[in-house]
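Below is one structure; the comments refer to it alone.
Numbering (mature numbering (1 follows the signal peptide of the UniProt record, and there is no 0)), first residue to last: -20 to -1, 1 to 325.
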């Protein structure tokens, strides 16, 4: 900051008054507190308590759910990741709608003294609705990566599902921030969390360029909306592998019934890129097709990942018949925003 001569004189006078005045007084220069003219620079460290999960620890983000070139600096909001099935429970309570830049204000606040502040009551992480399970039928681990919201919406929050196992996904309840849904990017079996749960590059079908995306949220009646679809970024003309069929597929099933729209499936062995092979297909952002299943209150839906051509890529005939006559999915406001802009913007 440049000061003119009068400002420097006023500043010197103000500083001299600091020693003479009681500690609770706040001298100012041109309407600004002297302390604000000399803000300290620094960063806040990620807490090791409260269930917080460190992500992409090798970057400047130092484990915070922020882009690798971002820091949790004084005077900023710092989002974080929680374990699978749980959601970040801290954000700026003054921001109540999904609009930029307030939508970035998730996590803990790093104040000017380098102290972390939780601005809402409650713990750092809370359980989601518990109504959607990621089921990996493939032999290799699958990285399912949730976007950070409120935050920069990079796919940094990991759910690492081992081969032939399952994990609960974090599904927001109606009281979650601004009533928003959870968004996930689904990487191919064998892609690690380290490689898949970050922005990535157009050179590999990982992260922001993974083939498939999903979304989920719960309404006030207890219904859960689950969406799977093609990633619009995967289909863009600038993506070199846009015409390459993935070697794996995904589907939504409800083994116990109680779902409208199930099964909804993407099986590349049965169709072309951007095809929904089973279920009601709808075109979304960038022309990418998706399908939606509505799980009634108390019902759990599975997002299954399977390798194309494997014995587990086909549902048994009984399950297929069980769901054949179910109704079309209910209408939902579940929406997913995609962008090719750099995550640090």
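By construction, the Cβ of each residue, glycine as well, lies at the ideal position given by its N, Cα and C atoms.
Only a predicted model underlies this, so the values are computations on that prediction, with no experimental measurement involved.
Practice task
Counting only the same chain and skipping the five closest in sequence on each side, list residues whose C-beta sits under 8 Å from that of residue 149.
Solution key: Looking up residue 149 in the chain shown gives position 169. For residue 149, where only same-chain residues beyond five positions count, the Cβ hits under 8 Å are 64, 65, 108, 112, 113, 114, 124, 126, 139, 162, 164, 196, 283.
Exercise for the section: Express the C-alpha separation of residue 214 and residue 183 in angstroms, rounding to a whole number. Expected result: For the purposes of this step, residue 183 is identified with residue 203 of the chain shown, where counting begins at 1. For the purposes of this step, residue 214 is identified with residue 234 of the chain shown, where counting begins at 1. Residue 183 and residue 214: Cα-Cα distance of roughly 11 Å.
Practice task
Rank 128, 216, 205, 169 by C-alpha distance to the C-alpha of residue 154 and give the top, closest one.
Solution key: For the purposes of this step, residue 154 is identified with residue 174 of the chain shown, where counting begins at 1. From the listed residues 128, 216, 205, 169, the smallest Cα separation to residue 154 is found for 205.
Exercise for the section: Kindly identify the DSSP beta-bridge partner or partners of residue 286. Expected result: If you number the chain shown from 1, residue 286 lands on position 306. DSSP output for residue 286 lists 229 as bridge partner(s).
Practice task
Report the residue from 137, 91, 77 whose alpha carbon sits nearest the alpha carbon of residue 22.
Solution key: Position 42 of the chain shown, counted from the first residue, corresponds to residue 22. Taking only the C-alpha atoms, the option nearest residue 22 is 91.
Exercise for the section: State the start and end residues of the unbroken beta strand (DSSP E) segment that holds residue 209. Expected result: Translated into positions along the chain shown, residue 209 becomes position 229. Counting along the chain, the beta strand (DSSP E) containing residue 209 begins and ends at 204 to 210.
Exercise for the section: In angstroms with no decimal places, state the Cα-to-Cα distance between residue 147 and residue 141. Expected result: To locate residue 147, count along the chain shown from 1; it is residue 167. To locate residue 141, count along the chain shown from 1; it is residue 161. Their Cα atoms are separated by approximately 6 Å.
Practice task
Decide if residue 80 is buried, meaning its Cβ has at least 16 other Cβ atoms within 10 Å, or exposed.
Solution key: One-based indexing of the chain shown puts residue 80 at position 100. Residue 80 should be labelled exposed.
Problem - Neighbourhood of residue 208 by C-beta distance below 7 Å, restricted to the same chain and skipping five residues each side - result: Position 228 of the chain shown, counted from the first residue, corresponds to residue 208. 192, 194, 230, 232, 244, 246, 270, 271, 283.
Exercise for the section: Use the C-beta contact count for residue 95: other C-beta atoms within 10 angstroms, 16 or more gives buried, fewer gives exposed. Expected result: As a working note, residue 95 is residue 115 in the chain shown. Answer is exposed; the Cβ neighbour count stays below 16.
Problem - As assigned by DSSP and simplified to three states, the class of residue 248 - result: Numbered from its first residue, the chain shown carries residue 248 at position 268. It is helical.
Handout entry: Check whether residue 266 and residue 212 have beta carbons under 8 Å apart
Key = Mapped onto the chain shown, residue 266 falls at position 286. Mapped onto the chain shown, residue 212 falls at position 232. The Cβ-Cβ distance between residue 266 and residue 212 falls below 8 Å.
Practice task
Could you round the C-beta distance between residue 46 and residue 58 to whole angstroms and report it? I think they count as a contact, below 8 Å.
Solution key: For the purposes of this step, residue 46 is taken as residue 66 along the chain shown, with counting starting at 1. For the purposes of this step, residue 58 is taken as residue 78 along the chain shown, with counting starting at 1. Between residue 58 and residue 46 the Cβ distance is about 7 Å, and since that is below 8 Å, they are a contact.
Handout entry: Where residue 51 falls, given that 16 or more other Cβ within 10 Å makes a residue buried
Key = As a working note, residue 51 is residue 71 in the chain shown. Buried.
Handout entry: Pairwise C-alpha distance: residue 173 and residue 49
Key = By one-based count along the chain shown, residue 49 stands at place 69. By one-based count along the chain shown, residue 173 stands at place 193. Whole-angstrom Cα-Cα distance: 18 Å.
Practice task
Quick one: residues in its chain with C-beta nearer than 8 Å to the C-beta of residue 55, no 5 flanking neighbours on either side, listed in chain order?
Solution key: Indexing the chain shown from 1 puts residue 55 at position 75. Result list for residue 55: 19, 90, 91, 92, in chain order.
Practice task
Using only alpha-carbon positions, find the residue among 87, 101, 289 that is nearest to residue 228.
Solution key: Within the chain shown, residue 228 is the residue found at index 248, counting from 1. Nearest C-alpha to residue 228: 289.
Exercise for the section: Take residue 238 and list the residues in its own chain whose beta-carbon comes closer than 6 Å to its own, dropping the five residues that flank it on each side. Expected result: Counted from its first residue, the chain shown places residue 238 at position 258. These residues qualify, in order along the chain: 276, 279.
Problem - Helix, strand or coil at residue 49 according to DSSP, with G and I counted as helix - result: Your numbering for residue 49 matches position 69 in the chain shown. In the structure shown, residue 49 sits in coil (DSSP, three-state: anything other than H, G, I, E or B).
Handout entry: Span of the beta strand (DSSP E) around residue 326
Key = The structure shown does not extend to residue 326, since the chain is modelled only from -20 through 325, so no value can be given for it.
Handout entry: 7 Å Cβ shell around residue 84 - same chain, five flanking residues per side excluded
Key = Indexing the chain shown from 1 puts residue 84 at position 104. Contacts found: 57, 130, 131, 132.
Exercise for the section: Look at residue 40 and residue 136 and say whether their C-beta atoms are less than 8 Å apart. Expected result: As a first step, residue 40 is located in the chain shown; it is residue number 60 there, counting from the start. As a first step, residue 136 is located in the chain shown; it is residue number 156 there, counting from the start. The answer is no: Cβ separation not under 8 Å.
Problem - DSSP three-state assignment for residue 268, whether helix, strand or coil - result: Within the chain shown, the letter at position 288 stands for residue 268. Looking at residue 268 - three-state DSSP - the assignment turns out to be coil, as it is neither helix nor strand.
Practice task
Throw me the rounded Cβ distance for the residue 268 and residue 210 pair, which I believe falls under 8 Å.
Solution key: What you label residue 268 is simply residue 288 of the chain shown in a count that begins at 1. What you label residue 210 is simply residue 230 of the chain shown in a count that begins at 1. Confirmed, about 4 Å.
Exercise for the section: Could you give the DSSP three-state label for residue 84: helix, strand or coil? Expected result: Reading the chain shown from its first residue, position 104 is the one you call residue 84. Looking at residue 84 - three-state DSSP - the assignment turns out to be helix.
Practice task
Alpha carbon to alpha carbon, how far is residue 76 from residue 273? Give it in angstroms, no decimals.
Solution key: Along the chain shown, read from residue 1 onward, the residue named residue 273 stands at position 293. Along the chain shown, read from residue 1 onward, the residue named residue 76 stands at position 96. Looking at the backbone, the Cα of residue 273 and that of residue 76 are separated by about 27 Å.
Exercise for the section: Give the straight-line distance between the Cα atoms of residue 261 and residue 160, rounded to the nearest whole angstrom. Expected result: Within the chain shown, residue 261 is the residue found at index 281, counting from 1. Within the chain shown, residue 160 is the residue found at index 180, counting from 1. Those two C-alpha atoms are separated by around 23 Å.
Problem - Burial state of residue 258, where buried means 16 or more other Cβ atoms lie within 10 Å - result: Position 278 of the chain shown, counted from the first residue, corresponds to residue 258. Per the 10 Å Cβ criterion, buried.
Problem - DSSP state of residue 183 mapped onto helix, strand, coil - result: Counted from its first residue, the chain shown places residue 183 at position 203. The answer is coil: DSSP assigns residue 183 none of H, G, I, E or B.
Practice task
Name, in chain order, the residues that DSSP records as bridge partners for residue 68.
Solution key: One-based indexing of the chain shown puts residue 68 at position 88. DSSP lists 105 as partners of residue 68.
Practice task
For residue 345, count neighbouring Cβ atoms within 10 angstroms of its own Cβ and tell me buried if that reaches 16, exposed if not.
Solution key: Because residue 345 is not part of the residues shown, which for the chain are -20 to 325, the question remains open.
Practice task
Use the C-beta contact count for residue 144: other C-beta atoms within 10 angstroms, 16 or more gives buried, fewer gives exposed.
Solution key: For the purposes of this step, residue 144 is taken as the residue at position 164 of the chain shown. Result: exposed.
Practice task
Just mark residue 87 as buried or exposed, buried being the case when its beta carbon has 16 or more other beta carbons within 10 Å.
Solution key: Stepping through the chain shown from its first residue, residue 87 is reached at position 107. It counts as buried.
Problem - Cβ-Cβ distance between residue 186 and residue 167 below 8 Å - result: In the chain shown, counting from the first residue as 1, residue 186 sits at position 206. In the chain shown, counting from the first residue as 1, residue 167 sits at position 187. Yes. Within cutoff.
Handout entry: Cut-off 8 Å between Cβ atoms - residues of its own chain near residue 120, not counting five sequence neighbours on either side
Key = Within the chain shown, the letter at position 140 stands for residue 120. Once the five neighbours on either side are set aside, the close Cβ partners of residue 120 are 143, 169, 170.
Handout entry: Beta bridge counterpart(s) of residue 140 as assigned by DSSP
Key = What you label residue 140 is simply residue 160 of the chain shown in a count that begins at 1. Residue 140 is bridged to 123.
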